[in-house]
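Those letters in the sequence shown? Residues -20 to -1, 1 to 160, by mature numbering (1 follows the signal peptide of the UniProt record, and there is no 0).
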Amino acid sequence: MWARAFPILLAGLLPGVAPAQTCRFDYAIAVTQGVGEIRPGARMSGDGAFTLLGDRLQGEGDSTVHLARGEMRLGDGIRGEIWAIVTTAPGPAADLLGVYARDVEGMSFAGLDYAGPMLITLYGRIGTLAGDLPPLTQDGWDAMDLSRRFALHAQGYDRLAGDVTALAINCRDALPVRND
């Protein structure tokens, strides 16, 4: 009996391997809080891509921070490094799916650098997300439809904000990534 059980027990002690989800996305926003020449009501578009690294951290309120690598862009020259995809499921009031970028470059106004974070946050009804992993399908992202927001912060002083009016995303599972 132990001869059969030992390999299974040993496998449970070794570092895990998780599939690396890779996504490319295009989005559009309607500005609700402007900065400088960017006025409320203005339309802006952006794109990005990320790959989950296979590492995740448990946060408060059933949130999971999936470490990621990628880039998010807005307009002609605003860009930041995607470092995390955050999910909260089941959330206490709503499920959450967020794309978070840092080290943002390309936007400053009145002496403030809008260095981030830059984020897209989508909220869905409790149970919309099947688990703590981000969805692979467009339908899964579209189901997060209670509230869809964008924000780019200037280190706590001000922000550019808007409603996400469109989000087209294409995801796939890539080669496994070590999770040790």
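Just so you know, even glycine gets a beta-carbon here, dropped at the ideal spot from N, CA and C. The structure displayed is predicted, hence computed values, not measured ones.
Would the beta-carbon of residue i fall within 9 Å of that of residue j?
| i | j | result |
| --- | --- | --- |
| Phe30 | Thr12 | no |
| Trp121 | Leu99 | no |
| Asp42 | Thr68 | yes |
| Gly78 | Ala64 | yes |
| Ile9 | Gly96 | no |
| Gly60 | Arg82 | yes |
| Thr108 | Ala123 | yes |
| Ile58 | Glu85 | yes |
| Gly26 | Arg4 | no |
With burial defined as no fewer than 16 other Cβ atoms inside 10 Å of the residue's Cβ, what is the status of residue i: buried or exposed?
| i | result |
| --- | --- |
| Arg128 | buried |
| Thr117 | exposed |
| Leu47 | exposed |
| Pro114 | buried |
On the three-state DSSP scale, how would you describe residue i?
| i | result |
| --- | --- |
| Asp93 | strand |
| Gln118 | helix |
| Tyr80 | strand |
| Leu113 | coil |
According to DSSP, residue i sits in a beta bridge with which residue or residues?
| i | result |
| --- | --- |
| Val11 | Gly142 |
| Tyr103 | Leu76, Ser127 |
Looking at the secondary structure, which residues open and close the beta strand (DSSP E) in which residue i lies?
| i | result |
| --- | --- |
| Asp27 | 23 to 38 |
| Ile18 | Ile18 -> no beta strand (DSSP E), and no H or E assigned at all. |
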